[in-house]
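**Q** Below you'll find the structure I mean.
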Amino acid sequence: MTNILRTFASDNYAGVLPEIMSALVKETQSKSHARAYGHDDVTKAARLAIKQQFTSASDASTPGVFFVFNGTGANVLSILACTHSYHAVICADISHIITDESSSPETVTGVRLISIPTNENGKIMIERIEEKLDCLGDMHAAQPRMISIAQPTEYGTVYTLDELKQISALAKKYNLYFHMDGARLFNAVSSLNCTLRDITTGVGVDILSLGGTKAGMMYGEAVVVFNQSILEADGGILKFRHKQVMQLASKQRFIAVQFLALLENNLWKKSSEHSNAMAQALKKRLESIPLKDNKPQIRITKPVETGAIFLEIPQQWYEPLSTIFPFYMWRKKNCEVRLMCSFDTTEDDIEQFMKKIDELIESNA
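Take 0 as the starting number for the sequence shown in numbering that gives the first Met the number 0 and just add one per residue.
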C-alpha cells in the first residue's frame, strides 16, 4: 500500500476541494456539448459571478475576465495587457514574477522588471517606488508603466486596505497601472475580514491575477480587468493576447465551472479561513517548543497573517523533518524555512509534525 504523503510545502501539493470535483464531474456527466473557447453558458455565468463579487451593483462597467491555465500565464497576460516592450514593471525583489517564473515575464512581454527592496515584512513602500520614477520621460530608460504587488506577499503577510490605497494613488498620480498578483487573494481577504470588492476595485486595482489552484481548484486562474481603458486599448487587443500566449483553453468551461463552485456560497471563504486557522494553530504549537540552554530553538521570522509560516530551525532538523513532511527551504544561510497550510491541512498533520520535532529534541538532548 502506498504511504499517504502529507506536506507543509505548498497548497499546490494539496488535492481538490470536494465541491470543485463534484462540479467538474457534474459538468462532464451532463453529456451536453458546449461552444468552445469561452463562448459557453458556464463561462458566461462564471464571468457574471466574478463581476458580482468584485464590483458594486451601481458599477455599470463590466470587468473583462480571461480564464487561464496557471499563475505565470495570468501574470504574463496581465503585463501584456498593460505594456509595450519599451515599458517596465515595478515589483518587489521577492515577487513571484521575478523569482519564481523563470524569465517568462520579461521574455514573453519584452518589458523590464525593476525590482525594489521590501521592508522586513515583504511589502514595497511608496518612497521606494517613487525612487524608480525619476526616469519617466527619459528616452534612454525603460518606462515604468505598471506597479505589481502580491497580495498576500511572498511572506504571507497582507497589505492593509490603506496601504493598497496609497499604492493605487501613487500609480494614478504617475499614470501607471496597478496590478495585483492574487494567487492567494482569498487568504488575504479572510485575513483582513473584508470583501473581494474591498480589496480590489475598492482600492483602485486596475488588473488582477486571480488564483484558483491554491484555493482548492484542480487548475486554473483568471485575469480580471477592471480598468476599461485596458480592455479598449488597441481596439480590444487583449483577446488576441490571450490566444497568443497560449492561455486560451478550448474547453474553457472546465476552468469556469470551478470558479463558479468556488464563489458559490462563499466556498472560497471556508477554504481560506481554514488554511489561515491551521497556520495559527501550527504557530501556537511551534511557539511552545521549549528553550534549550535558555535560548529559543526556533524563531518565527515573519508575522503569520495567512497560511504561511516562516521560521528558522536548527540545521540538523531540516532533513529528517522535510523527509516526513516536505516543506521548502527559504534561506539556507540561517536555515529559514517556509511551512504552508492548505484547505485540507488537519490538526493531525500538525500533531504528527510536532511529534517528529519532539523526537528530534529528545534525540539531541
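Just so you know, even glycine gets a beta-carbon here, dropped at the ideal spot from N, CA and C. Computed from a prediction, not measured in an experiment: that's the story for all the values here.
(1) Let me know if E14 comes out buried or exposed under the rule of 16 or more other beta-carbons within 10 Å of its beta-carbon.
(2) Pick out whichever of N192, E335 and E153 has its Cα sitting closest to the Cα of M179.
(3) Residue range of the alpha helix (DSSP H) that M20 falls in?
(4) Name, in chain order, the residues that DSSP records as bridge partners for P143.
(5) If contacts are defined as beta-carbon pairs under 8 Å, then V256 and V41 qualify, I think. What distance do you get, rounded to the angstrom?
(6) Which residues bound the beta strand (DSSP E) around L310?
(7) For the beta strand (DSSP E) holding M245, just list the boundary residues, first then last.
(8) Taking the C-alpha atoms as reference points, what is the distance between I323 and D348?
(9) Taking 8 Å as the threshold, find out whether the region 312 to 319 comes into contact with the region 159 to 169 through three or more Cβ pairs.
(10) In the DSSP assignment, find the unbroken beta strand (DSSP E) run with R127 in it and report its ends.
(11) From P325 to T6, what distance separates their C-alpha atoms?
(12) Along the chain, where does the beta strand (DSSP E) containing F178 start, and where does it finish?
(13) With distances taken Cα to Cα, identify the nearest neighbour of S321 among Q296, R298, M353 and H32.
(14) Go ahead and pull the three-state DSSP assignment for L338.
(15) Could you tell me which residues DSSP puts in a beta bridge with V223?
(16) D58 to Q51, Cα distance in whole Å?
(17) Check the C-beta distance from I19 over to M217 and give it rounded, since I have them as a contact under 8 Å.
**A** The relevant details are as follows:
(1) Position check: residue 14 holds Gly in this sequence, whereas Glu was assumed. When all chains shown are included, G14 counts as exposed.
(2) Ranking N192, E335 and E153 by Cα distance to M179 puts E153 first.
(3) P17 to Q28
(4) A87
(5) 5 Å
(6) A307 to E311
(7) Run containing M245: none; DSSP gives neither H nor E here.
(8) 11 Å
(9) no
(10) That residue, R127, is in no beta strand (DSSP E); its alpha helix (DSSP H) goes I125 to E130.
(11) 5 Å
(12) According to the sequence displayed, residue 178 carries His and not Phe. Per DSSP, H178 belongs to the beta strand (DSSP E) from Y176 to G181.
(13) M353
(14) strand
(15) Under DSSP, V223 shares a beta bridge with V64 and L207.
(16) 10 Å
(17) Right, the Cβ-Cβ distance comes to about 6 Å (below 8 Å), so this counts as a contact.
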